[in-house]
Amino acid sequence: MQFEEVKSLGEKYLFQNYGRLDVAFEYGKGMYLYDAQGKEYMDLVAGIAVCSLGYSHPKWVNAMQEQVGKLIHVSNLYHVKEQAVAAEAVASITPGNLNKTLFVNSGAEANEAALKLAVRATGRKKILSALNSFHGRTAGSLAATGQTKYQDTFQPLMNLDSFRYYDYGDAESVKKLIDKDTAALIVEPIQGEGGVRTVDPEFFKAVRDLCTDNGALMIVDEVQTGIGRTGKWFGIENFGVVPDIISMAKALGAGVPIGAISTYDDLAKVMTPGSHGTTFGGNPLVTASVKATIDIMKEEKLVENSRDTGAYLKQQIQSIDSDEIVEVRGYGLMVGTEMKTKANDFRKYCLDNGVLVNVCHGNTVRIIPPLIMGKEHCDRVVSLMRAFLNA
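As numbered in this note's numbering, residues 1 to 391 make up the sequence shown, in order.
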């Protein structure tokens with residue numbers, strides 16, 4: 001099917017709630033996507049930090065094909081072997097003693113589950129969330145999202161009275177809000193949709209102490225930063241802090257829709273039978289993907305590659321001498337280049353030259369590629385940036 005046919009069908013039958021670029025892809029392999037005409041695009045978006053193994057990884061494909069031929073879904077009315085095996089794999093990479101996992105279907109659902117767990121465990125209702133954060137688009141996770149542009153037209157759906165918003169990176173603003181009525185504080189190690197924004201590592205240590213002192217739970221949203229993205233299995237590990245709950249999704253399944261939360265045993269016990277559930281969460285297909293993804297990432301040392309290649313990419317962009325570049329931020333293969341005015345122009349320039357990049361929070365070029373990215377791929381996008389900026 002040609003692109004214009006795809007576009008016409010979409011306009012006729014789909015909600016028009018996405019601002020889509022004028023391209024549609026037929027298949028992918030490794031770091032590359034291909035359109036109907038066979039044009040190749042180097043992908044530095046990875047389905048928004050999802051396709052951690054790239055496209056058509058043979059071991060992952062074999063695992064999925066084998067599982068599809070055996071069992072896709074049975075529901076959580078029964079024990080699910082693949083789910084138990086996947087939970088063991090997740091426990092092998094989570095920090096501290098966060099070895100109990102609940103599988104759901106998305107990052108937003110994971111954050112909903114984390115918030116419900118915190119309220120149920122503490123008997124408190126107040127939640128602290130950072131300004132400029134993003135935690136999802138369901139009613140509860142949207143309330144936790146500290147950006148009014150996402151909330152304004154949906155407020156009748158949300159209980160905003162339960163939320164208080166602190167300044168990301170400012171421990172004093174947290175200290176002013178947290179008290180004995182606070183159930184939890186939720187925070188991203190790096191604010192992804194907020195422009196790949198990073199803060200002083202001491203902030204997370206201060207937050208950990210404030211939560212402990214007030215009996216509040218610390219929830220770390222690793223939906224975008226988790227599963228090797230920042231050069232560690234989880235972004236919070238860059239700062240030497242262990243939270244009470246981690247939410248994850250995106251790269252966890254390398255392309256299939258899945259989310260999860262992990263916590264310690266005593267806290268997990270709060271969710272008794274019937275207290276929370278999901279029909280599709282943790283079904284055999286998606287949890288087989290979790291196991292395959294984690295195994296491949298360990299075998300191919302993709303977390304280490306994320307750390308080393310990401311550091312190289314960041315260094316190369318920082319070496320560009322241009323007044324248009326305001327700041328280069330990030331950890332591992334989550335790199336944001338804030339530009340003064342030309343981020344969207346650069347995205348189009350890249351698209352025209354067969355490279356996919358993303359723009360978030362106005363003028364930040366966000367590079368969140370598959371974790372198989374090599375230095376040669378870095379050199380290509382940096383060369384494009386130099387040419388675009390005449391630097």
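Cβ atoms here follow ideal geometry from the backbone N, Cα and C, with glycine treated the same way.
Simplified DSSP state of residue i, which is helix, strand or coil
i	result
M385	helix
Y349	helix
V196	coil
S162	helix
D221	strand
F204	helix
Y331	strand
T94	coil
K126	strand
V326	strand
I236	helix
E188	coil
F103	strand
V242	coil
I368	coil
V74	coil
A216	coil
T148	helix
N358	strand
N132	coil
D170	coil
M1	coil
Residue i vs residue j beta-carbon contact at 7 Å
i	j	result
S129	I186	yes
I65	L285	The question names Ile, but residue 65 is Gln in the sequence shown. For Q65 and L285, no; Cβs fall outside 7 Å.
K100	T263	yes
D182	K126	Note on identity: in this sequence residue 182 is Thr, with Asp being the wrong assignment. Closer than 7 Å, so yes.
L267	I258	no
N132	Q224	no
C360	E193	yes
A216	A260	no
L53	D43	no
I178	N214	yes
L356	S306	no
I294	A87	no
A114	A292	no
V256	L210	no
G330	V207	no
A121	V270	yes
G332	R229	yes
N283	H79	no
N322	L384	Note on identity: in this sequence residue 322 is Ser, with Asn being the wrong assignment. No; because the gap between Cβ atoms is not below 7 Å, this pair is not in contact.
V328	K314	yes
Cα-Cα separation between residue i and residue j, rounded to whole angstroms
i	j	result
N238	Q83	28 Å
N353	R347	10 Å
H135	Y18	18 Å
A231	D170	The displayed chain sequence assigns Gly, not Ala, to residue 231. About 24 Å.
T278	K250	18 Å
A387	E324	13 Å
Y349	G47	19 Å
Q318	H57	32 Å
L233	V23	Residue 233 is actually Trp in this sequence, not Leu. Going by the C-alpha atoms only, they are around 32 Å apart.
D35	G28	9 Å
L9	K39	22 Å
V119	S106	20 Å
C378	I227	21 Å
E188	E4	39 Å
M297	K59	11 Å
F103	E11	34 Å
N111	N358	24 Å
R380	V199	29 Å
V290	Y41	27 Å
Y172	D221	Note that residue 172 is Glu in the sequence shown, not Tyr. Taking the straight line from one Cα to the other gives about 21 Å.
V382	Q2	32 Å
P201	K7	45 Å
F15	T212	45 Å
S92	T287	15 Å
K205	S75	40 Å
D161	T148	14 Å
Y166	M31	38 Å
L373	K176	In the sequence as presented, Leu is not what sits at residue 373; that position holds Met. Straight-line Cα distance between these residues: approximately 43 Å.
C376	G123	It should be pointed out that residue 376 corresponds to Glu in this sequence rather than to Cys. Going from the Cα of E376 to the Cα of G123 covers about 53 Å.
CB contact check: residue i to chain D, cutoff 7 Å
i	result
K7	Here chain D cannot be found, since the structure has a single protein chain.
Residue i beta carbon near the ligand ZN (any heavy atom closer than 6 Å)
i	result
P257	In terms of ligand content, the structure shown is empty, and the ligand ZN therefore cannot be addressed.
Sufficient close CB pairs (3 or more, under 8 Å) joining the stretch 359-366 to the stretch 336-347: yes
Contact between the stretch 306-313 and the stretch 236-250 is defined here as three or more beta-carbon pairs at a separation below 8 Å; is this criterion met? no
Whole runs of the beta strand (DSSP E) within the stretch 10-70, excluding any shorter than 3 residues: If you keep only unbroken beta strand (DSSP E) runs of at least 3 residues inside the stretch 10-70, you get 25-29, 32-35 and 40-43.
Quick one: complete beta strand (DSSP E) runs, 3+ long, within the stretch 244-309? 245-248 and 259-263
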